[in-house]
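In this note's numbering, the protein residues as written are 668 to 732. Where is the CB? At the ideal position from N, CA and C, for every residue including glycine.
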């Protein structure tokens, strides 16, 4: 599951022409946090996962699988 999330997040972010810093600002986190998610170092909380789904207009299932 984790590998798909990291790939999906990075692909969605890039498809929107969004930098890690821009996404981080929208979420209220540091850019290093977004980088850590994309590199599989850690995972977002449920609250931040919900915000990611909202930003990218995706479901949990599509983001995580």
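Check whether residue i and residue j have beta carbons under 8 Å apart
{"i": "residue 722", "j": "residue 693", "result": "yes"}
{"i": "residue 715", "j": "residue 727", "result": "no"}
Beta-carbon proximity list for residue i, same chain, < 8 Å, skipping 5 on both sides
{"i": "residue 704", "result": "672, 673, 676, 710 and 711"}
Residue i, enclosing alpha helix (DSSP H) - first and last residue
{"i": "residue 722", "result": "713-723"}
{"i": "residue 697", "result": "Element bounds for residue 697: n/a, residue is neither H nor E."}
{"i": "residue 729", "result": "727-731"}
Proximal residues to residue i (C-beta, below 7 Å), its chain only, five neighbours per side dropped
{"i": "residue 691", "result": "697, 698, 700 and 701"}
Cβ-Cβ separation, residue j to residue i (assumed contact under 8 Å), whole Å
{"i": "residue 730", "j": "residue 719", "result": "6 Å"}
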